[in-house]
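These notes concern the structure reproduced below.
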Amino acid sequence: DFCFVEDMKLIHTVLRTWDNRRLVVPNAILQNEVIINYSVEDPTMLAPVYVQVSYESDLEKAMQIMVEVARKHPECMPTGNLPNAVVMEFQDSGILLRLLSRAKDQPTAWKMARDLLLEIKKEFDRQGIEIPYPRRYLVAGRELQEQISELTKAVKTFSEAMKPLSLQQANSHPSYGQTAEPKH
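In terms of the numbering used here, the sequence shown opens at residue 36 and continues consecutively.
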């Protein structure tokens, strides 16, 4: 996780997390870990954004939209070939795309990534690019299919029987005009 170093003591270091929690970490642990310092020399950060699109989507169009959305963001720092979008992986429900863009620092990169996701979704909706979601197709066995068929027929028969009669049907019905006489 990304943290700010708040204090360093002889035995421990105090770290502040992105959500403002304080971690007191023994220096013995820190000396055996790889630590990435994001604030030394070049504080700029890459802001990766991953979006899955359906297999039916126009990939070139989707990647073009992602890059255009990033270029319009006020915090995006276009440099070299950034921002750019590439195909990352073929997955179960769709194709994973990655957008890389640069921001001035880590907090800005996180905010920009969230903003970009929202704007990409809006633009995909406008342009007809589908973001897939898992779908399940159930395959019923023969016995279950027969039961469903019988239930469907029963519902149809019941629905027909419950329909009100038209005036013409009522007049032609054999019991029309007959009244039951009380039995003595």
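We put the CB at the ideal spot given by N, CA and C, even for glycine.
Asked	Found
Of the residues 51, 88 and 172, the one placed nearest residue 132, counting alpha carbons only	88
Nearest-angstrom Cβ-Cβ length linking residue 140 and residue 79, presumed shorter than 8 Å	7 Å
Local conformation of residue 151 per DSSP, three classes	helix
Check whether residue 97 and residue 164 have beta carbons under 7 Å apart	yes
Whole-angstrom distance between residue 50 and residue 68, CA atom to CA atom	15 Å
6 Å CB neighbourhood of residue 77 in its chain, flanking five on each side removed	none
At least three beta-carbon pairs within less than 8 Å, the region 155-169 to the region 107-119	no
Residue from 159, 171 and 169 whose Cα sits closest to the Cα of residue 94	159
N- and C-terminal bounds of the alpha helix (DSSP H) containing residue 184	177-197
Collapsed DSSP secondary structure at residue 51 in the structure displayed	strand
Coarse secondary structure for residue 119, derived from DSSP in three states	strand
Beta-carbon spacing of residue 137, residue 81 below 7 Å	yes
Counted within 10 angstroms of its Cβ, other Cβ atoms place residue 176 as buried (16 or more) or exposed	exposed
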